[in-house]
Amino acid sequence: MRLVETEAYRGPEDPGSHGYRGMTARTEVMFGPPGRLYVYFTYGMHWCANVVCGPPGVCSAVLLRAGEPTGGIDSMRARRPRITDDRLLAAGPGRLTQAMAIGKPHNGASLLRGSPLWCASDEVTASLREGEVAQTVRVGMSAGRGDELPWRFVIPGHPYASRRR
DNA sequence: AGAGTGATTCTA
DNA sequence: AGAATCACTCTG
Numbered sequence: 001m002r003l004v005e006t007e008a009y010r011g012p013e014d015p016g017s018h019g020y021r022g023m024t025a026r027t028e029v030m031f032g033p034p035g036r037l038y039v040y041f042t043y044g045m046h047w048c049a050n051v052v053c054g055p056p057g058v059c060s061a062v063l064l065r066a067g068e069p070t071g072g073i074d075s076m077r078a079r080r081p082r083i084t085d086d087r088l089l090a091a092g093p094g095r096l097t098q099a100m101a102i103g104k105p106h107n108g109a110s111l112l113r114g115s116p117l118w119c120a121s122d123e124v125t126a127s128l129r130e131g132e133v134a135q136t137v138r139v140g141m142s143a144g145r146g147d148e149l150p151w152r153f154v155i156p157g158h159p160y161a162s163r164r165r
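Under this note's numbering, the first residue of the first sequence carries the number 1, and numbering increases by one thereafter.
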């Protein structure tokens with residue numbers, strides 16, 4: 001899966017972050033060491049996955065918002081049988097976790113090389129140049145919760161990025 | 001536009 | 001204990 005859209009979340013300085021009011025049982029992983037997955041359940045139905053980025057004690061994570069399937073696309077289609085358009089397989093944080101079969105068991109899992117699930121640059125993402133990644137406000141943020149912060153990162157017009165409804 | 005769905009967190 | 005909230009998705 002090639003990531004084409006992400007959002008940054010921080011800690012006490014970011015009212016949109018689960019870590020805004022300090023560490024809780026749910027957000028423990030976000031305050032832990034970097035390179036792990038923070039997975040949370042929301043709206044009674046959906047899982048969302050983040051990559052923890054900050055050093056231990058610092059809350060900082062990146063939400064995986066959309067991806068372009070590279071390998072394993074048949075498995076993804078099988079997991080999302082109602083989807084007929086491949087562009088929608090992982091075009092949204094809940095869709096992406098469905099496509100990749102990420103759920104509660106993955107909370108806290110390592111993403112370092114050698115892990116079953118790992119995270120790295122590929123030739124495409126590594127060659128992105130300044131200006132080829134746009135910054136916008138984050139999705140789903142209401143007023144006063146950091147809705148003005150330009151912490152969504154997306155490849156503009158990318159066919160596999162999430163789209164406005 | 002509204003429903004669906006349940007964990008988490010806040011308030012008392 | 002109860003209420004409010006919620007980094008969403010799908011259907012109509």
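We put the CB at the ideal spot given by N, CA and C, even for glycine.
Quick caveat, the model's predicted, so the values are computed rather than measured.
Inclusion of Val154 and Gly67 in the CB contact set at 8 Å is not warranted, their separation being larger than that value. Within the DSSP bridge table, the entry for Tyr43 names no partner. When DSSP states are grouped into helix, strand and coil, Arg82 belongs to the coil group.
Across the set Tyr40, Ser110, Arg36 and Gly92, the C-alpha of Tyr40 shows the shortest separation from the C-alpha of Ser17.
Between the alpha carbons of Gly108 and Leu117 lies a distance of about 12 Å. Per DSSP, reduced to three states, the secondary structure at Glu13 is coil, with no helix or strand assignment. Looking at the DSSP output, Asn50 bridges to Tyr38 and Leu63.
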